[in-house]
Amino acid sequence: MSHPKNSKTPLAAQLPLLRPMDFGAHEFEGDAVFRINADVNFMDGLTLAAGLTEGIHQLTHRLALAASLGEDIRVNELRALAFLADAANTLNRSAQVALEKWEVQP
């Protein structure tokens, strides 16, 4: 009977869950509009963050093209860009904190 090779790479099942975090604070009240829940799978969170950054990439290129052609840039497009960046950043920070805590107490 053969034994599996030892690996130092953790299996996906061993990865931590994302840490809860709030984001999308309302400008005047300071309350968070969105929240990352504690039971979110680590890889699902990173996959969503990657998708959001692709949206940032596409919208930024569209805005750059509009600016170079002298077209109007709408405030809601800039707000969307900021929201996408905020959401992706919060997912990444949540994953970072989860990994830091996981390394201390696996």
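Start counting the sequence shown at 11; every next residue gets the next number (the working numbering).
We put the CB at the ideal spot given by N, CA and C, even for glycine.
- Counted as a single uninterrupted DSSP element, the alpha helix (DSSP H) harbouring arginine 72 occupies residues 52 to 78.
- In the DSSP assignment, leucine 27 forms a beta bridge with Asn51.
- Per DSSP, aspartate 41 has no beta-bridge partner at all.
- The beta carbon of alanine 76 sits closer than 6 Å to the beta carbons of Ile83 from its chain, once the five residues preceding and following it are set aside; these are given in chain order.
- Here the stretch 60 to 76 makes no contact with the stretch 42 to 52; the two share fewer than three CB pairs at distances below 8 Å.
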